[in-house]
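Visitor:
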Amino acid sequence: MTAPEEAVPRPNATPPLPIRLRPARPADVPALVGLMLRLKRLNEEFDPLLKVRDDAEAQARSVLEANLGDPKAVVLAAEGVGAEKEKVVGFVRALVRERPFYSPEWEGVIVDIYLLPLYRRRGVGEYVLREATAALKGKGAGVVTAEFPAQNEIASRFYAKRGFRPITAVHARSL
Amino acid sequence: MRPEVRGGTVRHLPNSANDCIQGLIDEGPLDARMADGTAASPEGARPGRRRGASEVAAARRSEAETDALGRRAVELSRFYSGKIETVPKVPVRSLGDFALWYTPGVAEVSRAIHANASLSFELTGRWNTIAIVTDGSRVLGLGDIGAEAALPVMEGKALLFKWLGGVDAVPLPISVETPDAFIETVARLAPSFGGINLEDIASPKCFGILEELQKRLPIPVWHDDQLGTAASTIAGVLNALELTHRSVKSVRTVLLGAGAANLVTARLLLTLGHDPHRLSLVDQRGILHAERDDVDELMLRNPWKYRLALRTNGGERSGGLAEAVAGADLLLAASTPDPNTIRPEHVRAMAPEPIVFALANPVPEIWPEVATGAGASIVATGRSDFPNQVNNSLIFPAVFRGVLDARARSIPDEIVLEAARELARHAKDRGLSPHHLLPTMEESEVFPHVAAAVADASVRLGIARRPLSHDEYLERARALMGRPGRLVHALARARLTPPMPRPSARPPTRKRS
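In order, the protein sequences belong to chains A and B.
Note that numbering that gives the first Met the number 0 has the first sequence beginning at 0, numbered continuously upward.
Note that numbering that gives the first Met the number 0 has the second sequence beginning at 0, numbered continuously upward.
1. Compile a chain-ordered list of the residues in the segment 288-304 of chain B whose CB is closer than 8 Å to at least one CB of chain A.
2. Decide if B/ASN196 is buried, meaning its Cβ has at least 16 other Cβ atoms within 10 Å, or exposed.
3. Do B/ASN387 and B/THR380 have their CB atoms nearer than 8 Å?
4. Between the segment 110-138 of chain A and chain B, which residues of the former have CB atoms less than 7 Å from a CB of the latter, in chain order?
5. For the 8 Å Cβ check, are there 3 or more pairs between the segment 358-375 of chain B and the segment 392-399 of chain B?
6. In angstroms with no decimal places, state the Cα-to-Cα distance between A/LEU34 and A/ALA59.
7. Could you name the residues of the same chain whose beta carbon sits closer than 6 Å to that of B/LEU278, not counting the 5 residues immediately before and after it, in chain order?
8. At the 8 Å Cβ level, is B/LEU309 part of the contact set with chain A, yes or no?
9. Near B/THR184, what residues of its chain come up, given a Cβ to Cβ distance below 7 Å and the 5 sequence neighbours on each side ignored?
10. Quick check: is the beta carbon of A/GLU146 nearer than 8 Å to any beta carbon in chain B?
11. Is it the case that the Cβ atoms of A/ALA171 and A/LEU48 are separated by a distance below 8 Å?
12. Under DSSP, the alpha helix (DSSP H) around B/SER470 begins and ends at which residues?
13. Which runs of the alpha helix (DSSP H) spanning at least 4 residues fall entirely within the segment 124-208 of chain B, listed in chain order?
14. In or out: A/GLY137 buried (at least 16 other Cβ within 10 Å) or exposed?
15. Straight-line CA distance for B/ALA463 to B/GLU441?
16. Report yes if the C-beta distance between B/LEU460 and B/PRO500 is below 8 Å; otherwise report no.
17. Is B/TRP366 helix, strand or coil when you go by DSSP?
18. Near B/ALA111, what residues of its chain come up, given a Cβ to Cβ distance below 8 Å and the 5 sequence neighbours on each side ignored?
19. Would you identify the three-state DSSP class for B/ASP337, choosing helix, strand or coil?
20. So with CB distances below 9 Å, who are the chain B contacts of A/LEU41?
21. Considering only C-alpha positions, which residue in the set A/LEU36, A/PRO70, A/VAL87 and A/ARG37 is nearest to A/ARG21?
22. Which residue's Cα is closest to the Cα of B/THR243: B/LEU158, B/LEU139, B/SER376 and B/GLU474?
23. To the nearest angstrom, report how far apart B/ALA146 and B/GLY135 are at their CA atoms.
24. List, in chain order, every chain B residue whose beta-carbon is nearer than 8 Å to that of A/GLU44.
25. What three-state label does DSSP hand B/ALA451 in the structure shown?
26. Can you pull the chain B residues whose beta carbon is under 9 Å from the beta carbon of A/ARG60, in chain order?
27. Taking 7 Å as the limit between beta carbons, can you name the residues of its chain near B/GLY235, skipping five residues before and five after?
28. Where do the ends of the alpha helix (DSSP H) carrying B/TYR305 lie?
29. In its own chain, which residues sit with a C-beta less than 6 Å from the C-beta of A/ASN151, not counting the 5 before and 5 after it?
30. Span of the beta strand (DSSP E) holding A/LYS79?
31. Going along chain B, which residues have a C-beta under 8 Å from A/GLY37?
32. At the level of alpha carbons, what is the spacing between B/ARG425 and B/VAL445?
33. Could you name the residues that DSSP lists as bridge partners for B/HIS435?
34. If we count the other Cβ atoms within 10 Å of its Cβ and call it buried at 16 or more, is B/GLN225 buried or exposed?
35. Enumerate in chain order the residues of its own chain whose CB-to-CB distance from A/ALA131 is below 7 Å, with the five nearest sequence positions on each side excluded.
36. Below 8 Å between beta carbons: does that hold for B/SER231 and B/PRO151?
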């Protein structure tokens, strides 16, 4: 038996996403540099061997500029919706790398995902990961991986929930 | 106008429990000339306005009194060797009575509790006993001084709990390295107590410790630096809004300082219906907002502040205090004891009839006369020598009396707000004015009323193990709160508490050039 009120179809409870993804453009670079620095500073919180360099801003700019013209790189910009349509509020950057010894041969590596705090949750991360994965697949990747600080438990949980598992580990000690 | 600063009183302790301590100290005025008066910041430091002579005097007196009181406190601590002791509450006619109070009789009491653990609240002193637990990581203004050094402060707090609330409080500084160890230790101690008062724990770890213990323990857990200060602030805010015909739902508020007290004050204001977009927190790095550079660091290290960064400020203001206060109705400062923290131009930039709470101790963020001179309609501080003292001592003894009498399982925010509302109501009944926003410590009738209001709220919320009527709670609170005074006086009359020795000769004063 179904209660009458349950029989009434409910409006879709999922709120619309507060962002929209599109390929990044050269004009986005200044905003993307700021977001990339935020991400690197967040990484710094997890390990002293991830200390952000003084010239990180210039480095971020040149890395992004190189990636924007690289057919093996994916850089998607997240912009707000409605009144915030012009604002870049996040990004994802991924690279397609060759694996000379293993199959599948091409690996799509998500190296940076960052969203400003107000644009997180509500399925936004899921959407960004899905779009990045699709773009990597379009560039020939047969496996998708993600790089992030080992101590970042939030990222570990995020990826584990979406079927990712650790396949290689990078261990470090300072010299 | 503000009253004259009286000598010989303890007014500037950071816990603001001054007047009640004063009731225990019976001695003449301390000589303000003992210190050389360097406490006050240089007169005329602010261009355009000279500080009133009385404020300079107050600042100098403050430092002089603090020095003198410190010396006297050490002297008396040595004389009395501590402030509290365990006193039997049952008759002992002969050693034979120990067959009842101890073995073999007591075994039956244990068996009863073993069969029904809640009987520990009936058959032992648990119903009225709390632990005052600290790791000594942020003691008064002294910083991380460790467990042993925190003990005199916790003893003092225990004395206050007994004197004002009739609560038996056990000082328990513990030696722990991590928040998890703190939580584990307190959780293991809980069976001995009816409630836990956390004290002087550094921010932000105090938030996680309180949250986790509140979740885990079946007894009320309170952190006075968060909840007590926030509740008395909210009480003052409610009455200040009433006096100036404003509603909490439509005011613009700036909180200066984002430590233990103000983060909770912000949370409580939002619970009361304050529009989060019209509320801004300001700390050393400026206005807290969702896109501030350090917001990810806050996410990892201070999620309580992070959550407020995401909710408040409406994403529209950035900058510092000057940008935050433009058009604000309320400025609630719990930040740095420096009278130049808030400048007259900050007050002038606020909305008409601005309300300023400058709660840093011992020196407020702006002197009340300066704030009033810049247009503030209502000013509150943490000090008893100015009108409108925001004082957590008006809250914590009564809150514990209330939750212990109701045998409440917890202290949710609704109870904190109820204590604030009752405090506000009491001041209102006596007649609100810009100089009488809150009850003073002399208005001792407020304590049992706040206790009864807290107990009633526990019943309403369904967390009281022992629901009674309002009148029963009130009567009980009056009786239990009245007892310690009689006890202390009886002990003094019987010479079991020796009278206070006269102060020893003054140490030589510094030579003046």
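Beta carbons are placed, not taken as given, at the ideal position from N, Cα and C, and that holds for glycine.
Guide: The short version:
1. ALA289, GLU290, ASP292, VAL294, ASP295, GLU296, MET298, LEU299 and ARG300
2. buried
3. yes
4. LEU115, PRO116 and LEU117
5. no
6. Rounded to whole angstroms, the gap between the alpha carbons of A/LEU34 and A/ALA59 is 10 Å.
7. The answer, listed in chain order, is THR252 and THR311.
8. Interface residue, yes.
9. ILE173 and VAL175
10. no
11. Going by C-beta atoms, A/ALA171 is nearer than 8 Å to A/LEU48.
12. The sequence as given places Asp at residue 470 of chain B; Ser does not occur at that position. Run containing B/ASP470: 469-492, per the alpha helix (DSSP H) assignment.
13. Counting whole runs of 4 or more residues, the segment 124-208 of chain B contains the alpha helix (DSSP H) stretches 145-164 and 178-188.
14. exposed
15. 30 Å
16. no
17. DSSP places B/TRP366 in coil when its eight states are reduced to three.
18. Answer for B/ALA111: LEU118 and LEU122, listed in chain order.
19. For B/ASP337, the secondary structure class from DSSP, reduced to helix, strand or coil, is coil.
20. For A/LEU41, the C-beta contacts it makes with chain B under 9 Å involve ASP295, GLU296, MET298 and LEU299, in order along the chain.
21. A/VAL87
22. B/SER376
23. When rounded, the distance between both Cα atoms is 5 Å.
24. ASP295, GLU296, LEU299 and ARG300
25. In the structure shown, B/ALA451 sits in a helix (DSSP, three-state: H, G or I).
26. Here the premise fails: no neighbours, minimum Cβ distance about 18 Å.
27. For B/GLY235, where only same-chain residues beyond five positions count, the Cβ hits under 7 Å are PHE356, ALA379, ASN387, VAL389, LEU436 and LEU437.
28. 302-310
29. PHE45
30. Reading the sequence as shown, one finds Gly at residue 79 of chain A and not Lys. First-last of the beta strand (DSSP E) with A/GLY79: 72-79.
31. Just to set this straight, residue 37 of chain A is Arg in the shown sequence, not Gly. In chain order: ASP292 and ASP295.
32. With the sequence shown as reference, residue 425 of chain B is identified as His, and Arg is not the correct amino acid for it. Each residue's alpha carbon lies about 7 Å from the other.
33. B/SER432
34. Counting Cβ neighbours within 10 Å, B/GLN225 comes out buried, since at least 16 surround it.
35. VAL73, LEU75, VAL91, ALA93 and ILE109
36. no
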